[in-house]
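Below is one structure, written out as structure tokens; the observations come after it.
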Amino acid sequence: MAQFEKVSQYSVQHPKPTGLVLQYGTAGFRTHANQLDHIMFRMGLLAALRSKKTKSTIGVMVTASHNPEEDNGVKLIDPMGEMVTPAWEGHATRLANAEQESLVMTLKDIIEMEAVDLSQNASVFIGKDTRPSSETLSQAVLDGVSSLDSHAYDYGLLTTPQLHFMVCCKNTQFRYGTATVEGYYEKLSQAFIQLTKHAPNRTDDQKHLLVDGANGIGALKMREMEPFLQKELKISLHNDGSQGKLNFLCGADYVKVQQKPPEGIKMNAGERCCSFDGDADRIVYYFINSAGQFHLLDGDKIATLISTYLKELLTQAGLDLQVAVVQTAYANGSSTHYLVETMKLTVQCAKTGVKHLHHAAQEFDIGVYFEANGHGTILFSKAAEGRIQQLTVDPNINDEKKSAAVLLENLINLCNQTVGDAISDMLLIEAVLAIRGMTVQQWDAIYSDLPNRQLKVKVADRRVIETTDAERRAVRPAGLQDAIDELVKKYQKSRAFVRPSGTEDVVRVYAEADTKEAADTLAHEVSVAVY
Ligand code: 16G
Ligand code: ZN
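Under UniProt numbering, think of the first position of the sequence shown as 1, with each following residue one higher.
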């Protein structure tokens, strides 16, 4: 078949190093950029097949998010802008690891297994981050798509959530928005400007926000977007990529893990600051107080701010829609306690990894999901969106209800419902703080985080650890959970768990307790039990 001849020909230019085995992990393939050329070509092939199968546009994003600049990676995006379905993650791993001579055979196998009609048209959207390696690697994706005579549209530089947005817009016939960067900026900024109208008389200080762009794509895109915001937000952009290295001593992951401000940003006491990660799908906020102490507002604090505001608006609008918050085992115990006990919200725990949280959040009228590391968004069910929309045009309701419904409608438009999005989340947070007239200190004071500690443990084979209950309990090896339970009992307000990492060859340990010393000691004792 001519189609496969082309695949064979092109694949020679993207040879697989013999014996190299890589897995489609929690967020796609991710490793040193010099091992990825063949993977990119093959993901181009697979995206074309997935597009033929679903009769929809599929996305391929070239990025390694918060990893060092020398790494790169790739993830596939399904028709509604969500992460590719698990069965196809399996196909991705198989295709990636087929040795050069069996590539076409593996491809044919997948075509047969999925009953892909090769005569069907295919369309693939491609995006990339600012890593130097992304240029040639995205070219390899294009080669893969073209070698199956499929249509590729290369958007060039995009944040990961922007590509998710484009794919969703395209496949919903633009009901979700226009599949261009301008369409993205316009949709979000219009919603933001509408929301800020409910917060008149904001001072320049209140409009001012320091943004750490991690020297990556988020900084670039923030610059592009700023004019659309019509001065309703005054951004001081730092780590904009003009000097520093991507993710080096800056970015959301650095700030969260190190629990300190990034380099390259000068903060005055009480100033609101936020950091994006390398592909702008995560965000964390922080400030320093007058005593110079650093305060981090992570994904848990973001979820709390947003879910409590949504609940308030629903009450005002008289809508009985259920708001649920989806967290992971890493959520600080204080956040869960506050959401359940004080706010009386439904809280669910999902396994680490955006796809798990996203999936869980889809079960509710309104699902707010955030990982503690700052990745998250809000999902509104079609029915919830419909009821809110209806209320905005209902002639029989009072002004208070109508105003709440209009605010909710604008919040829906401001959310990137396809995936966590640093830019969209930032605008959401800024809007909520503005409307409520809240300072970052007041937001931080909603609850106090329990001291916590994370450690990595290197073991011979991390897969010997098996977990259950959304990774909060270990079922294997035998005896490990009992040992953890005994250790936890020694401390107050304590909790600990272990889980094998999905992105690194390590076991992760998490512990929290009423004091820093107790959390540190508990984490250390649990890591000893893991050996
Ligand atoms: C990936 C996930 C992130 C998760 C992290 C956990 C996506 C887009 N990203 O970066 O959500 O928190 O993995 O890493 O799903 P770990 O398994 O090494 O702890
Ligand atoms: Zn990321």
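Heads up, the beta-carbon is just placed ideally off N, CA and C, and yes, glycines get one too.
- Task: Could you please give me the residues that DSSP links to Phe497 through a beta bridge?
- Result: In DSSP, Phe497 forms a bridge with Tyr510.
- Query: With distances taken from CA atoms, which of Leu20, Asp320, Lys493 and Gly216 is nearest Ala96?
  - Reply: Nearest to Ala96 by alpha-carbon distance, out of Leu20, Asp320, Lys493 and Gly216, is Leu20.
- N-terminal and C-terminal residue of the beta strand (DSSP E) that Val528 is part of: DSSP places Val528 outside any beta strand (DSSP E); the residue lies instead in the alpha helix (DSSP H), whose first and last residues are Lys516 to Val530.
- Item | Check: Arg30 C-beta below 7 Å from any heavy atom of the ligand ZN | Every heavy atom of the ligand ZN is 7 Å or more from the Cβ of Arg30, so no.
- If you pair each beta-carbon of the region 392-401 with each one of the region 343-360, do three or more pairs fall below 8 Å? The region 392-401, when compared against the region 343-360, does not touch it at the 8 Å Cβ threshold.
- Minimum length 4: unbroken alpha helix (DSSP H) runs contained in the region 2-31: As far as the region 2-31 is concerned, its whole alpha helix (DSSP H) runs of at least 4 residues are 2-12.
- In whole angstroms, what is the alpha-carbon distance linking Asp154 and Thr54? Asp154 and Thr54: Cα-Cα distance of roughly 20 Å.
- Query: For His91, which option in Ala445, Tyr24, Phe192 and Tyr10 has the closest C-alpha, if you only look at C-alpha atoms?
  - Reply: Ranking Ala445, Tyr24, Phe192 and Tyr10 by Cα distance to His91 puts Tyr24 first.
- Can Gly278 be considered in contact with the ligand ZN, in the sense that its beta carbon sits closer than 7 Å to one or more heavy atoms? For Gly278, the shortest separation between its Cβ and any heavy atom of the ligand ZN lies below 7 Å.
- Residues that DSSP places opposite Met61 in a beta bridge: Answer by DSSP bridge pairing, in chain order: Lys75 and Gly127.
- Item | Status (buried if at least 16 other CB within 10 Å, exposed otherwise) for Gln243 | Around the CB of Gln243, fewer than 16 other CB atoms lie within 10 Å, so the residue is classed as exposed.
- Among residues of its own chain, excluding the 5 on either side of Ser527, which ones have a beta-carbon nearer than 6 Å to its beta-carbon? Counting only Cβ-Cβ distances below 6 Å, and skipping sequence neighbours, we find Leu455, Val457 and Val509.
- Between the Cα of Ser138 and those of Ser123, Leu157 and Lys493, spot the shortest distance and give me the residue it belongs to. That would be Leu157, whose Cα lies nearest to the Cα of Ser138.
- Could you name the residues of the same chain whose beta carbon sits closer than 8 Å to that of His359, not counting the 5 residues immediately before and after it, in chain order? Here the set comprises Ala350.
- Sorry if obvious, but does the Cβ on Asp212 come closer than 7 Å to a heavy atom of the ligand ZN? Judged by the Cβ position, Asp212 fails to qualify as a neighbour of the ligand ZN at the 7 Å threshold, every heavy atom of the ligand being at least this far.
- Item | For Thr346, the first and last residue of its enclosing beta strand (DSSP E) | That run of the beta strand (DSSP E) goes Thr346 to Cys349.
- For Arg282 and Ala404, the rounded distance between their alpha carbons: The straight-line gap from Cα to Cα measures roughly 28 Å.
- Message: Applying the 10 Å Cβ sphere with the 16-neighbour rule, what's the burial state of Asp277?
- Response: Sixteen is the threshold: when 16 or more other Cβ atoms of the shown chains lie within 10 Å of the Cβ of Asp277, as they do, the residue is buried.
- Task: For Pro508, verify whether its CB is less than 7 Å away from any heavy atom of the ligand 16G.
- Result: For clarity, residue 508 is Arg in the given sequence; the question names Pro instead. Checking every heavy atom of the ligand 16G against the Cβ of Arg508, one is found closer than 7 Å.
- Item | Status (buried if at least 16 other CB within 10 Å, exposed otherwise) for Pro477 | Exposed, since its Cβ has fewer than 16 Cβ neighbours within 10 Å.
- Query: Ends of the alpha helix (DSSP H) at Ser424?
  - Reply: Here the alpha helix (DSSP H) through Ser424 covers Ala422 to Arg436.
- Item | Span of the alpha helix (DSSP H), counted from its first residue to its last, around Thr392 | Unbroken alpha helix (DSSP H) run through Thr392: Lys382 to Thr392.
- State the Cα-Cα distance for the pair Gly251 and Cys415, rounded to the nearest angstrom. Their backbone Cα atoms lie some 22 Å apart in a straight line.
- Check Tyr369 in the structure and name its three-state DSSP category. In this structure, Tyr369 counts as strand in the three-state DSSP scheme.
- the region 459-466 / the region 287-304 touching (three or more Cβ pairs under 8 Å): Flag = no, the region 459-466 and the region 287-304 do not touch.
- Item | Extent of the continuous alpha helix (DSSP H) run through residue 579 | The question about residue 579 has no answer, for the chain in this structure spans 1 to 531.
- Message: Classify Val84: buried if its beta carbon has 16 or more other beta carbons within 10 angstroms, exposed otherwise.
- Response: So Val84 counts as buried.
- Item | Residue span of the beta strand (DSSP E) that contains Thr468, given as start and end | Segment Glu466 to Thr468, the beta strand (DSSP E) holding Thr468.
- Note down, in chain order, each residue of its chain lying with its Cβ closer than 6 Å to the Cβ of Asn452, except the 5 sequence neighbours on either side. Closer than 6 Å at the Cβ level, and outside the excluded window around Asn452, lie Glu512 and Ala519.
- Below 8 Å on the Cβ atoms is my guess for Leu163 versus Gly28; work out the distance and round it to an integer in Å. The Cβ separation is near 12 Å, so there is no contact.
- Item | Sub-8 Å separation of Ala483 and Val498 beta-carbons | Taking 8 Å as the Cβ cut-off, Ala483 and Val498 do not qualify as a contacting pair.
- Message: Measuring only the C-alpha atoms, how far is Val340 from Ser381?
- Response: Rounded to the nearest angstrom, the two C-alpha atoms are 22 Å apart.
- Does the beta-carbon of Ser65 have 16 or more other beta-carbons within 10 angstroms, so that it is buried, or is it exposed? Buried: at least 16 other Cβ atoms inside 10 Å.
- Own chain partners of Lys16 with C-beta closer than 6 Å, once the 5 adjacent residues on each side are dropped: Closer than 6 Å at the Cβ level, and outside the excluded window around Lys16, lie His38 and Gln100.
- Message: Can you confirm whether the region 245-260 touches the region 439-447 when touching is taken to mean that 3 or more C-beta pairs between the two stretches lie within less than 8 Å?
- Response: They do not touch, by the three-pair rule.
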